[in-house]
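Novice: Counted from 1, the sequence shown has number 510 at position 84 by our numbering; the numbering is strictly sequential. I'd like to ask you about the structure that follows.
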Amino acid sequence: MGDIVPRELISLADDEGNSVTVNVLGHNPRWAAGLDAEIVVRTPFVSGRCYLALYVSNLESWSDALNRLDSGQDVAWMEMSRGASGAARSRRTPRVGPG
């Protein structure tokens with residue numbers, strides 16, 4: 427993987443000036459499998475940021491899960507791991523049968 431340019435990974439905002447953004451800042455120089463990142467929270471009256479490290483492999487598997495979801499498949503991401511996890515169902519393909 428080449429050098430990482432700082433990039434906005436996720437941005438959620440409302441029309442009242444509240445937002446949460448996750449920015450990938452670049453490779454972590456002390457951890458070959460990691461990326462430096464930050465979570466930035468902004469509101470009209472307070473703002474803050476928290477620095478963290480992300481596993482490159484987790485982001486790659488998240489990208490794969492989002493691509494499969496976009497193609498209409500049901501997906502699970504990091505279902506059996508510590509940390510963030512989730513499952514999503516495509517809105518394009520109705521589920522048939524139990525479950």
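Glycine included, each C-beta is placed from N, C-alpha and C at the ideal position.
Helix, strand or coil for A449, going by three-state DSSP, please let me know.
Specialist: Mapped onto the sequence shown, residue 449 falls at position 23. The identity of residue 449 in the sequence shown is Asn, whereas the question assumes Ala. Three-state result, N449: strand.
Novice: Does the Cβ-Cβ distance between V450 and P432 come in under 8 Å?
Specialist: As a first step, residue 450 must be located in the sequence shown, where it is residue number 24. As a first step, residue 432 must be located in the sequence shown, where it is residue number 6. Closer than 8 Å, so yes.
Novice: Note the first and the last residue of the continuous alpha helix (DSSP H) segment covering R494.
Specialist: Along the sequence shown, one-based indexing puts residue 494 at 68. Unbroken alpha helix (DSSP H) run through R494: 482-496.
Novice: So which of L435, N444, I436, D440 has the shortest CA-CA distance to G474?
Specialist: Indexing the sequence shown from 1 puts residue 474 at position 48. Checking every option, the nearest Cα to that of G474 belongs to N444.
Novice: Helix, strand or coil for V457 per DSSP?
Specialist: For the purposes of this step, residue 457 is identified with residue 31 of the sequence shown, where counting begins at 1. Per the sequence shown, residue 457 should be read as Trp rather than Val. Reduced to three states, the DSSP call for W457 is coil.
Novice: For A463, count neighbouring C-beta atoms within 10 Å of its own C-beta (all shown protein chains included) and say buried if the count is 16 or more, exposed if not.
Specialist: Here residue 463 corresponds to residue number 37 of the sequence shown, with the count starting at 1. When all chains shown are included, A463 counts as buried.
Novice: Find out if the Cβ-Cβ distance for the pair L461, V482 is shorter than 8 Å.
Specialist: In the sequence shown, residue 461 corresponds to position 35, counting from 1. In the sequence shown, residue 482 corresponds to position 56, counting from 1. Closer than 8 Å, so yes.
Novice: In the DSSP assignment, find the beta strand (DSSP E) that holds E529 and state where it starts and stops.
Specialist: Within the shown structure, residues of the chain are numbered from 427 to 525, placing residue 529 beyond reach of any answer.
Novice: Within a Cβ cutoff of 6 Å, which residues of the same chain sit near V466, ignoring the five residues on either side of it in sequence?
Specialist: Numbered from 1 along the sequence shown, position 40 holds the residue referred to as residue 466. Closer than 6 Å at Cβ, skipping near neighbours: T447, R475.
Novice: Measure the C-alpha to C-alpha separation of N493 and E442 and round it to an integer number of angstroms.
Specialist: On the sequence shown, residue 493 is found 67 positions in, with the first residue counted as 1. On the sequence shown, residue 442 is found 16 positions in, with the first residue counted as 1. Those two C-alpha atoms are separated by around 31 Å.
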